[in-house]
Amino acid sequence: MKCVSNICLPFLYVFSLLETCSRYSARIENGFLSESAFTYPLNKQTEYKCKPGYVTADGKTSGLITCLQNGWSTQPVSACYDSGGKCGPPPPIDNGDITSLPQSVYPPEMIVEYRCHTYYELRGNRNIVCRNGEWSEPPKCLDKQTCAISEEAMKKHHIQLRWKHDRKLYSRTEDNIEFMCQRGYRRVTPHHTFRTTCREGKVVYPQCEPIID
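Under mature numbering (1 follows the signal peptide of the UniProt record, and there is no 0), residues -26 to -1, 1 to 187 are what the sequence shown spells out, in order.
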């Protein structure tokens, strides 16, 4: 028995209150605790190491975890990742930022979210993923009055952008956009409709039809 504040408790129960974390409860993927102790007192900070060929989320070979009242600081405590598949900082985008604090290194399968500045709207997937050392395609933040040139609509109307070097699929309000018929098609709508203007986020597409001999 052991008495604490005039209250007597079984020794093992007091022991479990004072030393709250067990070595065996620390689940570290591809890593291990550096110290050999079996139990750790409250607020004890200890080091974990990654197996050879693996690194932490910030690109290091070791990290720190803390014994808290309800167990280790995170569960699973942490993880070590294949050092060959990590990514650098996410690509920056105009008029937008990532929602989390930037890191110098990101582990494989890490997901990062983007958000746009005021008066801009997000086009594309707001989340990107780190795979094989590269980030997936980031979204764009466009002026809410920007026109998105739909590839699906162009295909439906049998048209394409007039200038081969012009690969942009977004235009600002009052920008002119020029189209032409795809090979093997001819105009259906008047000639002037093939030079249209982006207005209030909308664009009117001209129409072409197959050439029949």
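C-beta atoms are modelled at their ideal positions from N, C-alpha and C, and glycine is treated no differently. Please read all numbers here as calculations on a predicted model, not as lab measurements.
Asked	Found
Alpha-carbon spacing of serine 60 relative to glutamate 108, whole angstroms	Sequence inspection shows lysine at residue 60; the serine mentioned does not correspond to that position. The straight-line gap from Cα to Cα measures roughly 8 Å.
Methionine 154 beta carbon less than 9 Å from that of isoleucine 134	Position check: residue 134 holds glutamine in this sequence, whereas isoleucine was assumed. In this structure, methionine 154 lies closer than 9 Å to glutamine 134 by Cβ.
Length-filtered (3 minimum) beta strand (DSSP E) runs lying within the region 36 to 77	36 to 42 and 70 to 72
For residue 224, the nearest candidate out of Phe6, Leu42 and Asp32 (CA to CA)	Summary: the structure shown does not reach residue 224, with the chain confined to residues -26 through 187, and so no result is reported for it.
Coarse secondary structure for threonine 20, derived from DSSP in three states	strand
Beta carbon proximity, arginine 89 to chain B, threshold 9 Å	No chain B is part of this structure, which consists of one protein chain only.
Proline -3 burial status per 10 Å Cβ neighbour count (16 or more: buried)	Here the sequence assigns tyrosine to residue -3, which means proline is not the residue at that position. Answer is exposed; the Cβ neighbour count stays below 16.
Backbone CA spacing between tyrosine 28 and isoleucine 85 [nearest angstrom]	19 Å
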